[in-house]
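Notes to accompany the following structure.
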Amino acid sequence: MSASSLIDAIITICVPPGEVESVRQRATDLQRQAAKPTPRVRVATGADPTVSGLRSEIDRLRQQLLATQDELLAERRHQTETRRSEWNSAAIVWLLASHHARAQAQVEPGASATVVANLERDLRRTEKERDAARSALAIAQRRIRDLEAHRAVDVVAHPPAALDTRPERTASGFVPHATRADLETLERALRSADPDGSKMAAVLRRALDFPLDGSRTGRFRWDQLSKVERATVGTRVEIELRREFGLERGAQLAFTFGGIEFDCQYSTKPAGWMIAPRAAGGILLLLTAEDRTSTWSGGLVRADPELLNVGRNRDGKITLSVEGRKAIRWLHRDAALPNNVLVHLPQPDLDAIFAPQSAKERIAELLRRAQRQPISRTTAATVALQDDYGRRVREAHRLVAAEGIVLLNGSPRGQQIARVLHLPVPAGDEWISVRLTPWDDHDENTPFVEADGLRWVLAKPDDPVLRAPDLLR
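Just so we're aligned: the sequence shown equals residues 1 to 473 in the numbering used here.
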């Protein structure tokens, strides 16, 4: 692709329709100016700072244009792959449907129904694949809208008043635009805004759940996502960070907080962060999360040249060296990630949970098999396969109450009961199911709650089954 074609594509995608022609004309003028031979100027020790500033501004714009090219090409590949997947699935559904119709027409009255049953099973499976492709396309479209709303890229020259006065490039090609004091200032600001890491953990939980789209797909594991869908998580982390912490957009990097600019890099693997060229020399917020262990880590590092590996991938991105990983200032390491209970259940329990046709029955089975651990709204929506999961949870609770199972929510009363019974304390958007039994021959030190004139304790497997009390009224 030629430079002119690429610039035209960037303008077409990023610039509002009413401004396309004026921006295109401005870009053409800039290209013509760039094509003119520029006389060499020898700059003395006391050179005019305006010349130095212009050179830095040109370098900054060149890096910004390269970053924009990477993003546009990635978005185009994302859209193309997703739409191709949907078209292929739709074609397969059409062929199977035609085959199914022909097979039904050819089956003799006394023939076996095995062929028809097999075709119907294949058709249902293919329809699920089609729905998954549509879900991936919807995610891609939402991602593009979020990018358009949150990443306004300026590809034209800035007025002189906005010239960059940072030092010129070093011999290694990097622009050192962050100091150690900047790193310490940002660390203090983030620790003050999120002392226990709960905000950052919630950001990562939402970002991981977003591409799974459980209420429509029933998916809850990372390996159920396509490569295209996994690529959306990093962008989603940035969007959720901006919303949770109220971050402003930086002039050169993604965010500014406490007066300091920084970029965010997310990786599912520790030390797998890929650093864009524009972020080299700046401060990076490095994040990683693992659903299987329900842990996350986050830290800050200044991406100095000596902390980066020499090699780059085909997109020009760089990784931290061993020394760079040692230099990370960890905000939180192996901290608790909000639990995705479905990931930790054995396969027989998962099969039993998803077997019923009714959403209420599926939720009831979840309450039976995932006791004494937090159940999030996302998990309930995934099992219910609908957005109206709250009603299904209430219906399921009435169903399992006859089995002695109570449901504690994140209300002050529910949290108090959980503490008394030494259970995990549910957050505001979580539930905990647990079977209770009347206190009888239990140890006198066994924790209990009182309801309906009885003392209730956590039930053991061999305790009698009695209707559960209403603890939250």
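In this text, a Cβ means the ideal position worked out from N, Cα and C, and glycines have one as well.
Since this is a predicted model, take the numbers as computed values, not measurements.
Check: Within 10 Å of its beta-carbon, does H332 have 16 or more other beta-carbons around it, so buried, or fewer, so exposed?; Outcome: buried
Check: So, L285 versus L204, is the Cβ gap smaller than 8 Å?; Outcome: no
Check: Within the present structure, is the beta-carbon of T256 separated from the nearest heavy atom of the ligand COA by less than 7 Å?; Outcome: With respect to the ligand COA, the structure shown offers nothing to examine, as it has no ligands at all.
Check: Between the C-alpha atoms of A359 and Q373, what's the straight-line distance to the nearest angstrom?; Outcome: 21 Å
Check: Starting from Q265, follow the alpha helix (DSSP H) in both directions and report where the run begins and ends.; Outcome: Here Q265 belongs to no alpha helix (DSSP H); instead the beta strand (DSSP E) covers 260-267.
Check: Considering only residues of the same chain and omitting the five flanking positions on each side of L466, which have a CB-CB separation below 6 Å?; Outcome: G404
Check: Can you tell me which of the three DSSP states D462 falls into?; Outcome: coil
Check: Going by CA-CA distance only, name the one from R329, S215, R391 that's closest to R188.; Outcome: R329
Check: Do I432 and L399 have their C-beta atoms within less than 8 Å of each other?; Outcome: no
Check: To the nearest whole angstrom, what separates the beta carbons of L186 and F257, a pair I think is in contact under 8 Å?; Outcome: 6 Å
Check: Where G453 and P447 are concerned, what is the direct C-alpha to C-alpha distance, given to the nearest angstrom?; Outcome: 16 Å
Check: Among T295, A289, A384, E450, which has the Cα closest to the Cα of Q416?; Outcome: E450
Check: Using 8 Å as the threshold, is the C-beta distance between N340 and T379 below it?; Outcome: yes
Check: So what's S192 in DSSP terms, helix, strand or just coil?; Outcome: helix
Check: Here's a check: name, in chain order, each residue in its chain whose Cβ is nearer than 7 Å to the Cβ of R191, leaving out the five neighbours to either side.; Outcome: L331
Check: Are at least three pairs of beta-carbons, each pair with one atom in the region 233-246 and one in the region 256-273, less than 8 Å apart?; Outcome: yes
Check: Helix, strand or coil for A231? Go by DSSP, reduced to three states.; Outcome: coil
Check: Would you tell me roughly how many angstroms separate the C-alpha atoms of R314 and W273, rounded to the nearest one?; Outcome: 15 Å
Check: Using only the alpha-carbon positions, how far apart do A171 and G298 sit?; Outcome: Reliability of the predicted coordinates at A171 is poor, the pLDDT of 39 falling under 50, and the value obtained from them is presented with this limitation in mind. Distance between the alpha carbons of A171 and G298: 31 Å.
Check: Determine the direct distance from the alpha carbon of P464 to that of S294, and round the result to whole angstroms.; Outcome: 34 Å
Check: How would you call T437, buried or exposed, if buried means at least 16 neighbouring beta carbons within 10 angstroms?; Outcome: buried
Check: For K317, I'd like the list of residues in its chain whose CB is within less than 7 Å of its CB, leaving aside the five on either flank, ordered along the chain.; Outcome: M274, I275, A276
Check: Thinking just about the alpha-carbon of each residue, which of V457, V434, R435 is nearest to the one in E444?; Outcome: V457
Check: Based on the DSSP output, what are the partners of V457 in its beta bridges?; Outcome: T437
Check: With distances taken Cα to Cα, identify the nearest neighbour of R219 among G390, T382, L471, L367.; Outcome: T382
Check: For A352, I'd like the list of residues in its chain whose CB is within less than 6 Å of its CB, leaving aside the five on either flank, ordered along the chain.; Outcome: E365
Check: With a threshold of 16 other CB atoms inside 10 Å of the CB of H397, please say whether the residue is buried or exposed.; Outcome: buried
Check: Rounded to the nearest angstrom, what separates L350 and L342 at their Cα positions?; Outcome: 7 Å
Check: Within 10 angstroms of its Cβ, does D194 collect 16 or more other Cβ (buried), or is it exposed?; Outcome: buried
Check: Buried or exposed: D334, going by 16 or more other Cβ atoms within 10 Å of its Cβ?; Outcome: exposed
Check: By a C-beta neighbour count over all protein chains shown, 10 Å radius and 16 as the cutoff for buried, is A384 buried or exposed?; Outcome: buried
Check: Taking 8 Å as the cut-off, decide whether the C-beta atoms of P426 and G414 are in contact.; Outcome: yes
Check: If you reduce the DSSP assignment to three classes, tell me which class L225 lands in.; Outcome: coil
Check: Confirm, please, whether the CB-CB distance from V406 to V471 is below 8 Å.; Outcome: The sequence shown places Leu at residue 471, not Val. Closer than 8 Å, so yes.
Check: Would you give the residue range spanned by the alpha helix (DSSP H) that G390 belongs to?; Outcome: 389-400
Check: To the nearest angstrom, report how far apart P226 and G390 are at their CA atoms.; Outcome: It is worth fixing the name first, because residue 226 is Ser in this sequence and not Pro. Those two C-alpha atoms are separated by around 29 Å.
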